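Participant: Numbering-wise, the sequence shown is residues 209 to 304 according to the numbering used here.
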Amino acid sequence: MIFLIGFSQQDRIYFKDRIHSLKGELTEHLKYNTSVIVVDHVISEKYRVGQEMQIPTVTRDWLHDSIQKNAFQPHDKYHPLIFENCYIAVLGFSDA
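1. For Leu230, which beta-bridge partners are listed by DSSP?
2. Output yes or no for whether 9 Å exceeds the beta carbon distance between Arg268 and Val246.
3. Which one of Tyr255, Asn278, Asp284 and Arg220 has the shortest CA to CA distance from Lys231?
4. Can you give me the C-alpha to C-alpha distance between Val266 and Tyr286, rounded to a whole angstrom?
5. For Phe223, which three-state DSSP category applies?
6. With a threshold of 7 Å on Cβ separation, who are the neighbours of Leu271 within its own chain once the five nearest residues in sequence on each side are excluded?
7. How is Val298 classed by DSSP in three states: helix, strand or coil?
This is the structure:
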């Protein structure tokens, strides 16, 4: 069972078909039988819950490489970085 965090609906549809072609299953709900979480960014309550449940978490590169190689790849090379794909805005400062 693969769970996606931070993906657009269009991406979810695209990846669902490819995951099925690899004999995998995409789930819409985070469960204890989820085998891997694929994240586009890690700033998410679902990411935190997945970490507490000790579910392996990987970047979308894992999914791309798995599709390209036609087999799910080991998780160890695909750990997400804390601020990967996040934007930081600083507001409320003045020149005075």
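Even for Gly, the Cβ is constructed at its ideal location relative to N, Cα and C. Just so it is clear, the structure is predicted and the values come from calculations on it, not from any experiment.
Facilitator: Put simply:
1. Its beta-bridge partners do not exist; DSSP assigns none.
2. yes
3. Asn278
4. 5 Å
5. helix
6. Phe223 and Val246
7. coil
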